[in-house]
Each structure stands twice: as C-alpha cells, then as structure tokens.
C-alpha cells in the first residue's frame, strides 16, 4: 500500500519535464488530397499560382509541388453563408487574393509563411449591391465590382474603400443606341483591355456589352446581341483586338472590339439546333495554326442536359467532349508566354481536378502532381506502411510507371512559389532513405499506393483485385458494354469518358476491408468483404507461376450453423487453368486467392513475409496459411453456442447480482459518511463506475464476442526465458487472447535468421508448418481487445525489428482493450502494470501504435536523467550537427541524440495520448480529431516516427505530428509585393502608417571595403533583426521591402525640409487632426553616427581564412565613416479605424531595419 501511495504521488522531475517538451509536441502539419466541396477557382498567370475556395470556408493556394498555402474563413455573425466562397480574384503578381463569400463580404488575403491571413474586409449591404462579378486592374491598384443592380464600383486596394467614379447603369443607358430600351440587368462580366488599361468591357445580363472609357467617363462603343440573348461572360484575347461573348442559350460569337456590327455567326450554337443549356465559361486560343475554343456546358437540354462536360473544338473540325462524372465547378486555360497559344486545360470538378494537354490534337490527360482524388472509389480502409526500404519503393514505382504510359509528358504549368534551398541538401543523407506509403482500400476492390513521405501526396500505383473475380458471362457482358459505348462516342456530341472519380461499384463484395504490406519484402495481402484474401508481391525475380486457389472452412464441424449472408466471389475459371500464363497486374504478381468460409468480412490480418505466413480473422474464427507452399496450416473457430444468438457477450458484460448488492451497500455507507462530513467532496472510483458501465454497454454494438479483432506474429519468449519461439497471437471481442506456438522447418528457420535479398526463399523440399495452442488469457472485464504488442526492454516492438533480431530481454506483452491497457511479463504472463482509461476518463481506446521519438539533449541533462528516466530508451552519441531526424535544440558541437519509444493511443473521443512503456505514464494528450467525426477517428493511421494521418473529409487527409523531430509540413512560400507601390514623396511615406507597419530602424556602419566589412560584421553592437510587421501581420521569413523603400527615399532630407513639408501637408489635408500631426512628428528623427574602425594585422591570429589575404595591402588601416539618416520609429500609439468598423490599437513594436548610406 505504501508503494502504491508513493507511486501515485510521484511527479516527473524537472529534467523529465524539460525532456518531454523536447520530445513531444502536437501540431497539425499538412493536408493531402482534394478539397471538400470546392466552389471557386482562380489562376494568377503572372505568379503561376492556383487558388481553390470551398463551401466550408477554406482557401488553398498551390504553386509548384511543395508550395501550399492554407486559409480559413471564420464566422462573425454565425451565418453559414460567411464561409461559402463564391468568387476568387487574384491581385495579379502581388501574391494577394480576394474572396467573395455568399454573405456578400469581400476579403483580401495575404500569404504569411504557409498561411493565408485576412488583412482587409469590406461588407456590401442591400439587394442591389449583391456582387455578381469581379475584375482586378492590371495595375494592381483597383478592383472593379459588378453588382446585381447593374452598377460597377471601384475599390481602392490600398485603402480598401470605394472610390469615385461609380459606373451607374443609368449613365450607360443614356449613351447606348436608342434601339436598346431594356433594363440591362446584372453585371455578368468585366474585362480590362490589355492594350488600353483605361478601358473596360462590361457585359450586362440582357444582351448588352459596352466599352467604357475612364478618361472620358463615357461609353465608347456598344455591342448588342441579336434577340437580346442572356449574357453569361466575356473573354478577351491577349492583343485586345477581339472578345468572345457567350450566352445562356448555348451560343457564342467572337466580336471585334473596333466595330459594333455583330459577326456573321453571331447565333452559332455548337450543339444545336436543339435547345441547349448555358455555356458557363469559354476560352479561346491557338493550337498550331488552328483556333481552339474551350467551353463548359452548352449541352442539348433534352438529350444530354445531365452531362457534366467541357468541350474542346478546333477550327479544323476536330471536336472532343470531355464527359466527367461530377459537376464542373470551373476551369481555366494556361497560355504560352502571354500569347494566344493555349497549352494546358485545368478543370476543377466537384470531386476531382483534371488537366489536359491542349498542344496535342488528341487532348491527352496530364497527371497532376497534387490534388488527387483519394476517394475516386469510396475508401473502405486505410493502412500505413511505415519505413519502406528503397528497393521495395522502386519496385512499386516501376509497376506504377506502366499505368501512366497514356498520360501526356508536358510539364505542369503551375510553377509559382519559392522552395527553400536546403531541401535538396536534406535529401542527401548517408543513411538509406525510408519511405512512408499509405495504402487505401476501396469499394471497387482496388488498393491505391500513395507516397506520403513529403508534403505532396503522390499516387504511385493502383492495384485492382476485381480482374481475377467474375465469370465467363460477366466477361461477355463487359465486352458488349464496351462495344456499345464506342458506338455512342461516334455520335454528336463526341463524348469521351474523362476523370477518375467513379463512385459506383459493380459488386459490394469486392470492397477491401483489411490490408497488410511488408515494407522490407514488398509482400501484399488484401482481405475483402466476402472472405477473400488476395496474395501478391512486387518481386520481379521470383519464378512466375499461374494463379492458385485454396479455401478454409471455419465452421464445417459445427452442427446447426447456417450462413445467411452473401455468397463468396468466384475466381475466373480461365485463370485457374494450369497452362494459363501467370497473372500480373501491371508489374505485380498475383500468387493466389485464399477463400475463408463462411464468406464473412475479414476483420483483421497479420503478415510475416520472412516465414511465408499470413493469418486472417473473421467473425467466426481465424486461419493460418502458408502462402509460400500455398497450403493451409490450421484454423480455429471462436464460436460458442451463446455467441450464435449474440446473448453470450451481453450477459457476460453485465454486473452480477452479488457485485451490484455489494456496491449498493458501499454507496449507503459512503452516503452516511458524507452527511456526517459535508466538507468531504472528493469523488471516489465508485462514483465513476456508473459512467464506465454506461460506456461499456455500448460495446454490444461491436458484434459477436467471437469476432477476431487483432492478430500478431512475433518471435518472443513463450516456453522459457532463454529461447525465443515464433508465435501467433490472436484476440477477440470477448477479451480472449490466444497464443499459438509455430513450428517452422529448419529451412524456414534459417530463412528467418538470414533472409535473402528478396525476402522470399523458394522451397527446396516439401515442408509443413504446424501450430499448436500454447496459452490462453481471458481478461475479466471482457472488453473487446483492439491491439496486442510485444516490446523489449528498450520499449521497441519486436515485430518492427529486423529479421534475426530479438531485442534486448526481457520482453513485455501489452494488451489494449477498449477500456484499459495491461502489461504482462513474458513468458510468465504475470501482470506488471495497467492503465484504466475508461474508468478514469470515460473514453474508449480505438487504436494503438508504437512510435519512435528523438531529440538533441545536452550532456548535463543526460547525466541528470541517467538512472532516473521513467522510460527505457536508447541513446547515441554523435558529433557535430547530428542526424537529420533529431531536433536542433542545442547548437553545434559535441552532443547527444536521445531516442525514446513510446505508446501512441487514439480514443473514441478523438484524443491522442502518448504513454511511456512499460510505466504507462502520460507524456502528451492532444485533441486531434473532432469527437463527432466518426470517419476521421476510424481512418486514423500512425507512422513509426510519431506522425498520423486521418480522413478529415471524404476526400482530404489531415497530417499531424506528435514528435518534434519528424515534422512534414509545407515549406514553400509566395513572395508578396508591398501593398502600396514605391513613392518618392514624404507625404506618401507617412500614409503608410495606415497599414499598421511599424519600423524601428537601426544604424549599421557602412564600410567601403568588403573584406574589412566581413571581418567586423560580428562585433557590431545589436544584431540586425529582419522580423517585421506587414499590414499588421508578423512576417519573419523575409525583410520588409516596403520599409526598405522608405529609408532609401529620405537619404538627403534635412530637419528643416521635414518641418516645412509637414506644415504644408497639414495645411493641405483637411482631414488631418492634431493627433495625427503629433504622430507624424514623433516618428521622424535624425541621427548622426560616427564610427572609427582600426584593423591591426598583428592582432589577428593565423587562421586559414581566404578573405584575410585581401588585407595584406592594408596591414594597419584606420577608417572613419559618418552617416546621417532619418529614422522612422514609433513613439506614441495611435488608433486607426478599420474598414469593417473594428477599432484596433497599434502597440509599439521594435522591428529593426538596416539602413546604410
């Protein structure tokens, strides 16, 4: 009891708490996949950046692979319309972007690192001010806003306020021909002429388009569509000589800007003469010597109105109609060097992003480097293969390259952003690179391989199991369907199936439920819904054999059992013929199929490629199979008479009458003691038990108690403490843990100790593997077991060790049920420690994993921790900078890298905990997933390095890091232009205070000779800090270029001229207040600094520095430099009213700026 009290009262030491902060840290790092519910698309042809907005308020900016920026709208008035992004418009070439929400709010976003932050907001009120179109000036200073009322407002992007003049539709109507007597309606499109920046093309809803001249504030020319067809939009060519005008009746025409006469084909309908739907977007360009028109929509309304299409028509008569399986949100076309030569078509759909090569007449698809649709077929399971070796990774890439031969080789056009230079250096490591590969199982029976080692989620291979199942009748039906589809494509419109999104499955039994993959040998095992287990590998050197088939029946000896579920899948008979060629799926050898009977869904799987064994579990039991010889080893049925009706588990989970009576008396006694002592309000474990039992009662939904929940192969101590034996561990929903001792033949044992290069040893003589039940554990609380793991003295899991390694004894067994963790000793199976999660916190365990954590520690800290660390760990001494996986908490020099293996746990509340082993003391607790997000919790997977990925939506993956040493997050950035252009007058410099930019300049001595300057760069007092605030946002990545222009523009200004200028400004500006005048005077001062530098060569030690050779001619040099500068600094705090009405007080901050004269 004293030991128990002392153990509970111990707190971690100060050294341990410091080490915890260096080892563990939770953060959300990167997002992979396709945005959920996209609603807007924008492209910046200057910076070559693409932005996507969603209905949930997210904005994502993509440049070259590795450059990703995220932004999120927030709720101000608790209205969902504030999140729905309807329009996006780039401020071309500046890196900033404008978003329009359904709440009619205009927001200006600016990149800061890898984040988009809102810096300005402008709300529009009134029905007539409902924004319908946006157009940003090519001068980057104005935004034209078209409204439903037919007016155009000018927004000054510097001040983010509406400025004059406003183009009212009444003024426009007065200057159009009298034949047009309609209310023009809403503004549908605004375009600035690239060759005349003072002119705007404005398309109104009711068939009117005008050319507006700002110099004369009048309509220069009016274009009227015959029949007043409803306008949709405009597109202007690069020369500014013509524009394409498209309408809601499916027609379009190309007009000349110089004449008001309509073209001859003004009523041309591409898919007429039947009534057609609206053309939603249209681009025109050149494809060689031919004109090419790309448009979305325009389908015949009655026949093909439900098709989602983008059409590509060339002037030589070649037409392609890309028929997608999801709604077209928007698209854009990239051009070559600001010419009319079209290069790439990029289409944003509701469920995927597609790209096509417009330089090729066949319009081949382009494989995008990111934004891949993870859910092309519905995701049914996730598996993360951590630390895949290079040879296996190369084999997967070779198989994937065969699937990509139909893609175009044109380079990806979106290449904006800047990547840090040190990325290339970090890849060149001495240790062999290990990869993180995520495998997603899908409803159509396919398994997709994704490289998630870096920021970009790259699809590298798609393995399809549906090709081996079916019948001859299915083959004939598929052939007939393909023939009819080809005949359909020959008609009009010329449809071509496009995109990869296919939410429909031919057979629900094909759905993948469990995946196992060996990261060292490339062995792949896929378990399906109908009890099928497909065995394949990526070994190119193994002997090619025909497809094999085997079945194992779990309940054949059970009388009275009747399977009422679906039938098993049939393997194609022609594939089972002995003379048939080997089955390969694009470079992957499919060895065979194991069918478990009854054909219930596979609930868990385990793979040991070095032993040639695979084990699978269902709701009825488990099987063990030797896939090297393709023979069954054994099967075990876990059913019992009570489980046939499901009553066995329900009764066993209830409290007994005797236990309930005992607890009732305890509560009565406690109630009396509480009444006698009202100050005693300390809750006991008895009060928490009803909560625990309430959660336990939900476990009845998990199914039968016979269901096998987890399987594990391990070489550990089972029979005695001296010899390790190969074992198989299984656990069920009823907390029954079984240990099976495996007897491997000598040849197989030798293969285990010294594996071959490929990991697969062909059998020389027929051999049989046998198994017997060694031990069985029945946990009293009978909660479903969610995980089993065996770890050594250092905490490393035995199953993650290399072949032939057993780890340092003694071994420990960890059994994680839904309610608690329990650690046993091996081989005695004596309980050592346990952690009751449900009783303490009311949460249930969903998934466990062991992760490796490391950090750099000082020798002093390591010495203090030695012998008192609560967690067994391995430490490695290194020199210099250390390995790339360790966090750089200490500077260069001799140091230590501290490694620690810890247990990572996910609960049903979405929390992730890190526990030390075997003490089970909590090191970190983080709320990672929303507790309402059931799919996110069920899909979460851990890596061996302390990272995790989960489905944040049906199409997106969120990456999180729990370790400080392994963090994968976007490192690319976007260069941002200053919000205001360079100005030469002091008045314009003073107005920059409205941007909330504060500068505290620091004078640095300037020296003419570079070698001397390099020598005395360190002793200069006060380091130069480049951190600054741009528009109220902290930017520590680069120096503030806007502030550099301030210092360079006031080099020769004297104090008298400053005073005269301020007096003139105060007189001229009526809005200048006394407070602003005081603020302006307070931020200007003059400082003169004189520095004398003496360099004596005798004082410099003999060091091998190349720059010192330049000082030979200047052995004893004395220099004097005098600098006089005007420094802008903040002395007083001045309040500025924001556009959205918020009042923010600007606090004084020092952001030193280097000024040299």
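Numbering (our numbering), first residue to last: 720 to 1876. Note that beta-carbon positions come from the ideal geometry of N, C-alpha and C, so glycine has one too.
Taking 7 Å as the line, does the beta carbon of residue i fall inside it for any heavy atom of the ligand ATP?
i, result
"residue 1290", "In terms of ligand content, the structure shown is empty, and the ligand ATP therefore cannot be addressed."
Give the DSSP bridge partners of residue i, in chain order.
i, result
"residue 1574", "1617"
"residue 1099", "DSSP output for residue 1099 lists no bridge partner at all."
"residue 761", "770"
"residue 1044", "Looking at the DSSP assignment, residue 1044 forms no beta bridge with any residue, so it has no partner."
"residue 1178", "1169"
"residue 1491", "1460"
"residue 1309", "1255"
"residue 952", "965"
By the three-class DSSP mapping on this structure, what secondary structure does residue i have?
i, result
"residue 1037", "coil"
"residue 1445", "strand"
"residue 1110", "helix"
"residue 1659", "coil"
"residue 733", "helix"
"residue 1292", "helix"
"residue 1518", "helix"
"residue 1081", "coil"
"residue 1499", "coil"
"residue 801", "helix"
"residue 1642", "strand"
"residue 1556", "helix"
"residue 925", "coil"
Given that a residue counts as buried once 16 or more other Cβ atoms are within 10 Å of its Cβ, and exposed if not, what is residue i?
i, result
"residue 1582", "exposed"
"residue 746", "exposed"
"residue 1090", "buried"
"residue 1220", "buried"
"residue 1268", "exposed"
"residue 1292", "exposed"
"residue 1491", "exposed"
"residue 1381", "exposed"
"residue 1018", "buried"
"residue 1147", "Note that residue 1147 has pLDDT 44, beneath the 50 cutoff, so the model's placement of it is unreliable and the number below is only indicative. The residue is exposed, with fewer than 16 neighbouring Cβ atoms inside 10 Å."
"residue 1067", "buried"
"residue 1282", "exposed"
"residue 934", "exposed"
"residue 1540", "buried"
"residue 1440", "exposed"
"residue 903", "buried"
"residue 1452", "buried"
"residue 1557", "buried"
"residue 1580", "buried"
For residue i and residue j, I'd like the C-alpha separation in whole angstroms.
i, j, result
"residue 1213", "residue 769", "30 Å"
"residue 940", "residue 830", "40 Å"
"residue 1223", "residue 1339", "30 Å"
"residue 1241", "residue 812", "47 Å"
"residue 1022", "residue 1217", "19 Å"
"residue 1155", "residue 1434", "25 Å"
"residue 1325", "residue 1432", "7 Å"
"residue 1693", "residue 816", "12 Å"
"residue 836", "residue 1286", "55 Å"
"residue 1384", "residue 1561", "24 Å"
"residue 1418", "residue 1317", "Low per-residue confidence applies at residue 1418: pLDDT is 44, beneath 50, and the placement is therefore not dependable, though the value from the model is reported in the following sentence. C-alpha separation (whole angstroms): 24 Å."
Verify the CB distance criterion: does residue i have a CB-CB separation below 8 Å to chain B?
i, result
"residue 1434", "This model lacks chain B altogether; it includes just one protein chain."
For this session: Specify whether the region 1682-1694 and the region 1094-1109 touch according to this definition: at least 3 beta carbon pairs, one from each stretch, less than 8 Å apart.
Result: no
Problem set entry | Stretch pair the region 996-1011 + the region 1166-1182: three plus CB contacts closer than 8 Å | no
For this session: Specify whether the region 844-858 and the region 780-799 touch according to this definition: at least 3 beta carbon pairs, one from each stretch, less than 8 Å apart.
Result: no
For this session: Check whether the region 733-753 touches the region 1659-1676, taking contact to mean three or more Cβ pairs, one atom from each stretch, closer than 8 Å.
Result: yes
Exercise. Are the region 1048-1065 and the region 1637-1651 touching by the rule of at least three beta carbon pairs closer than 8 Å?
Worked result: no
Exercise. Any contact of the region 980-988 with the region 1033-1051, i.e. 3+ C-beta pairs under 8 Å?
Worked result: no
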